[in-house]
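Engineer:
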């Protein structure tokens with residue numbers, strides 16, 4: 001769950017608000033930011049759509065921009081739900097690795113982007 005500064009301080013000091021009657025515990029994100037973790041909510045949500053879940057953040061790809069894109073994680077799964085029921089789980093880790101390869105600094109794509117950036121910014 002993404003938190004604002006006030007909520008982060010509440011979590012850090014054990015004063016976070018409950019969600020559906022459950023109080024969170026604090027855990028740092030892979031880059032050291034506090035987050036609230038609500039466990040065992042036991043509340044059915046009739047969600048239809050898909051979510052990307054990710055694990056094993058690659059610290060060498062960290063950029064201070066807020067949420068990190070899925071390709072910056074080693075393990076990525078797409079979870080597809082229909083009316084709250086998980087219908088399919090698809091491992092997208094291979095596709096994320098392919099994206100990383102395409103934007104790797106040694107790739108021609110990066111070289112072209114960098115040259116364009118240097119031309120526009122004069123450095």
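Residue numbers (this note's numbering): 1 to 123.
Every residue, glycine too, gets a C-beta built ideally from N, C-alpha and C.
Given the structure is predicted, the values throughout are model-derived calculations rather than measurements.
Taking the CB atoms as reference points, tell me whether residue 58 and residue 76 lie closer together than 8 Å.
Structural biologist: no
Engineer: Exposed or buried, which one is residue 17 when buried takes at least 16 other CB atoms within 10 Å?
Structural biologist: exposed
Engineer: Could you check which residue in 71, 36, 90 has the C-alpha nearest to that of residue 26?
Structural biologist: 36
Engineer: Find out if the Cβ-Cβ distance for the pair residue 54, residue 73 is shorter than 8 Å.
Structural biologist: yes
Engineer: Excluding sequence positions up to five away, which residues of its chain have a Cβ less than 8 Å from the Cβ of residue 129?
Structural biologist: The question about residue 129 has no answer, for the chain in this structure spans 1 to 123.
Engineer: Is residue 92 helix, strand or coil when you go by DSSP?
Structural biologist: Coil.
Engineer: With DSSP as the reference, label residue 132 as helix, strand or coil.
Structural biologist: Residue 132 lies beyond the range of the chain shown here (1 to 123); nothing can be said about it.
Engineer: Measure the Cβ-Cβ separation of residue 65 and residue 78 and say whether it is below 8 Å.
Structural biologist: Taking 8 Å as the Cβ cut-off, residue 65 and residue 78 do not qualify as a contacting pair.
Engineer: For residue 53, list the residues DSSP reports as bridge partners.
Structural biologist: 77
Engineer: Among the residues of its own chain, which have a CB less than 6 Å from the CB of residue 22, if the five just before and after it don't count?
Structural biologist: 38, 41
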